[in-house]
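Participant: One structure, pasted below without further comment.
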Amino acid sequence: MKKIILLAIFLIAQSFYAQNQVAKKPETVIIINNEIATMDQVMKYGNEGYIKSMNKGVSEEKRNELAKKFGDKIGDREFILVVEVFTEQEKIENDKKIKDNALDPKPQVEQKQFLLNINDKAKDFTLKLVDGKEVKLSDLKGKVVLVNFWATWCAPCLQEFYDVPSKILEPFKNDNFVFLAISSGEKETAVAKKVVKLKNDGLNFNFGIDPNNIIWNQYATNAIPKNFLIDQNGIIQYVAVGNAEGNLDKIASEIKKLLSK
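Written out as structure tokens, the structure is:
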């Protein structure tokens, strides 16, 4: 009987442990001209100047279309990179445009990324979480807060999420630190559906929704993901855009500095 009890405890513990592990970061499936391709092919097209555009992420409709065509190679957890390439005629025209621009260069207009910057006071907001609870930023005074803007269709956002538990949440789980992941401009139903999949992969965050971009429009513009690190007094101390290599490591370093004050 004792052995049975010990076995039951072991199985329950194993189940609990497994549920709290973060799943391996999904692989990236590359699509070129509606066919699965390799990174070597992408590099080849890039070196030869044939790449027209590269988009990380597709709509659910497009994902379903690809899954129907390619079967198990396209799953719910894979990230999809869609690469468009020029036809021969398009490449000739693009090469000419590049040459003309080189002869008559036009001033580059820098795209604005942030509406609030370092040393600005963070705009207060009330965030509705997917579980129905609400969090007000001003109620978190005295804590270090990392605000992350993301979307269900944004592959770089989702790729970043898989590293958040190990690099951000675990190191500061016993500190006065809060992570808020805010989905921007999406319906609650779409976010809730995605969150179920993410939580099944061990990503248990404070997932919130901003369907009308009310919070987003106070903080930033243009690309996501974007991160705002806010200190204990509600002042923004660090901002970041994109999911570049080492980005979360830098954010973790900045969190550590703030918590040590």
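Numbering (mature numbering (1 follows the signal peptide of the UniProt record, and there is no 0)), first residue to last: -18 to -1, 1 to 243.
Positions of the beta carbon are idealized from the N, C-alpha and C atoms, including for glycine.
1. Rounded to whole angstroms, what is the Cα-Cα separation between Ala163 and Val64?
2. Specify whether the stretch 194 to 210 and the stretch 73 to 89 touch according to this definition: at least 3 beta carbon pairs, one from each stretch, less than 8 Å apart.
3. Using 8 Å for Cβ pairs, my map puts Lys55 next to Val24. What's the rounded Cβ distance?
4. Straight-line CA distance for Ile237 to Ala84?
5. Let me confirm a value: Glu116 is counted as buried when at least 16 other C-beta atoms fall within 10 Å, else exposed. Which label applies?
6. Run the CB neighbour count on Val112, radius 10 Å, all protein chains shown included, and call it buried at 16 or more, exposed below.
7. With distances taken Cα to Cα, identify the nearest neighbour of Glu152 among Lys125, Tyr27 and Ala234.
8. Go to Tyr220, then tell me how far its beta strand (DSSP E) extends in each direction, as first and last residue.
9. Just to confirm the assignment, what range does the beta strand (DSSP E) spanning Asp192 have?
10. Only counting the same chain, and skipping five residues up and downstream in sequence, which positions put a Cβ closer than 8 Å to that of Cys136?
11. Going by beta-carbon coordinates alone, are Val67 and Ile33 separated by less than 8 Å?
12. Give, in chain order, every unbroken run of the alpha helix (DSSP H) that is at least 4 residues long and sits entirely within the stretch 57 to 111.
13. Mind reading off the beta-carbon distance from Thr203 to Leu97? Whole number of angstroms is fine, and I expect it under 8 Å.
14. Taking Ala104 as the reference, which of Gln95, Asp86, Lys123 and Gln93 has the closest Cα?
15. Three-state secondary structure (DSSP) at Glu236?
Facilitator: Straight from the coordinates:
1. Taken atom to atom, the span from the alpha-carbon of Ala163 to that of Val64 is near 26 Å.
2. The stretch 194 to 210 makes no contact with the stretch 73 to 89: fewer than 3 CB pairs, one atom from each, lie closer than 8 Å.
3. Between Val24 and Lys55 the Cβ distance is about 17 Å, and since that is not below 8 Å, they are no contact.
4. Straight-line Cα distance between these residues: approximately 44 Å.
5. Result: exposed.
6. It counts as buried.
7. For Glu152, the closest of Lys125, Tyr27 and Ala234 by C-alpha to C-alpha distance is Ala234.
8. It spans Ile218 to Val223 - the beta strand (DSSP E) in which Tyr220 sits, taken as one unbroken run.
9. Looking at the DSSP string, the run of the beta strand (DSSP E) that includes Asp192 is Asn188 to Asp192.
10. Around Cys136: Lys38, Gly39, Ile206 and Pro207.
11. Yes, the pair counts as a contact, with Cβ atoms nearer than the cut-off.
12. The alpha helix (DSSP H) runs of length 4 or more contained entirely in the stretch 57 to 111 are, from start to end of the chain, 70 to 85.
13. A Cβ-Cβ distance of about 6 Å is found for the pair Thr203 and Leu97, placing them in contact under the 8 Å criterion.
14. Taking only the C-alpha atoms, the option nearest Ala104 is Lys123.
15. Three-state DSSP puts Glu236 in a helix.
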